Amino acid sequence: MAGHSKWANIKHRKAAQDAKRGKIFSKLIRELTVASRQGGGEVADNPRLRAAIDKALANNMTKDTIQRAIERGAGNADGDEMEETVYEGYGPEGVAVMVECMTDNRNRTVSEVRHAFSKNGGNLGTSGSVAFMFHKQGRLTLPEGTSEEAAMEATLAAEPEDIVTQDDGTLEIVTSVEDFGAVKDALVEAGIEPTASDVGSHPDNYSPIDDVDTARKVLKLFDMLEDLDDVQNVYSNADFSDAVMAELE
1 MAGHSKWANI KHRKAAQDAK RGKIFSKLIR ELTVASRQGG GEVADNPRLR AAIDKALANN
61 MTKDTIQRAI ERGAGNADGD EMEETVYEGY GPEGVAVMVE CMTDNRNRTV SEVRHAFSKN
121 GGNLGTSGSV AFMFHKQGRL TLPEGTSEEA AMEATLAAEP EDIVTQDDGT LEIVTSVEDF
181 GAVKDALVEA GIEPTASDVG SHPDNYSPID DVDTARKVLK LFDMLEDLDD VQNVYSNADF
241 SDAVMAELE
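The sequence shown begins at 1 in the UniProt record's numbering and counts up one residue at a time.
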């Protein structure tokens, strides 16, 4: 799993940019709505909804706003029908890209996603072209200084999939989607508050990027995709080297 922390850093930077633009709330509300529509409004029975609520709270969304979105999705309030769709493609230098969308107009969405790929040196692929490289997982970053022994002791009963040491020395716990909530609860109960946590699509292997110009092209593609209103998440197997990350800061 070496290198995933670099992409995590890019994601954190993007999240901050989205928050500044005010886009993050609309995307979070969509996720809350669809998660409750598909799995019901009971958090204990819906791991996806639990992850969406945690993310919303982490971005300072009020509990009232969260509850309204859940009620809308669960059928307790009127609202437009949104459907999920995933687009797959390749960016510059063959970087694999997964684009998760929620839309009320598939034709509009695929046209905008295709345009973003073609304008930035990429290609929109067919269904299944890169999906096999990714798996849905929960990931929780632990505070600096947390020992692996403490992390294992806190989460053993919740059965995490793995505990990974990131490039900066901090630990990250990998879970299944279903066990994400239980693992996070176990950590909090043990006095270990994750500094970041999310459920998303993560690659099994990474594509190294050591050239700054290539990195800028890849990030330009990500930026254009994430600026689209219908795009919820963009995932990639890009692994930016330390030297490239330093240049990009």
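Where is the CB? At the ideal position from N, CA and C, for every residue including glycine.
In this text the structure is predicted, and so the values were computed from the model without any measurement.
With 16 other Cβ atoms within 10 Å as the buried cut-off, status of residue i
{"i": "N107", "result": "exposed"}
{"i": "Q38", "result": "exposed"}
{"i": "L28", "result": "buried"}
{"i": "A246", "result": "exposed"}
{"i": "F132", "result": "exposed"}
{"i": "P92", "result": "buried"}
{"i": "P143", "result": "exposed"}
{"i": "K55", "result": "buried"}
{"i": "L219", "result": "buried"}
{"i": "D228", "result": "In the sequence as presented, Asp is not what sits at residue 228; that position holds Leu. Counting Cβ neighbours within 10 Å, L228 comes out buried, since at least 16 surround it."}
Nearest residue (CA-CA) to residue i, options the options
{"i": "T146", "options": "G40, E172 and Y90", "result": "E172"}
{"i": "C101", "options": "L32, V231 and V177", "result": "V231"}
{"i": "V95", "options": "E83, F117 and S36", "result": "F117"}
{"i": "R114", "options": "D104, G138, E193 and G89", "result": "G89"}
{"i": "K184", "options": "R50, T33, R30 and L32", "result": "R50"}
{"i": "T155", "options": "G128, I192 and T165", "result": "I192"}
{"i": "A215", "options": "D54, D229 and A238", "result": "A238"}
{"i": "G181", "options": "V110, G200 and A44", "result": "A44"}
{"i": "R72", "options": "E226, V177, V110 and S36", "result": "S36"}
{"i": "K136", "options": "D64, T175, N205 and S207", "result": "T175"}
Chain B contact for residue i (CB, 8 Å cutoff)
{"i": "F117", "result": "Reference to chain B is not applicable here, since this structure consists of a single protein chain."}
Beta-ladder partner(s) of residue i, from DSSP
{"i": "A192", "result": "It is worth fixing the name first, because residue 192 is Ile in this sequence and not Ala. Paired residues: none, contrary to the question."}
{"i": "T165", "result": "L171"}
Practice prompt. Kindly provide the ranges of any alpha helix (DSSP H) runs that are 4 or more residues long and lie completely inside the stretch 182-230, ordered along the chain.
Written response: 212-226
Worksheet item: Whole alpha helix (DSSP H) runs in the stretch 48-79 with 4 or more residues, listed along the chain?
Response: 63-74
Discussion item. Ignoring anything shorter than 3 residues, give me the beta strand (DSSP E) runs that lie fully in the stretch 113-148, in order along the chain.
Written reply: 134-141
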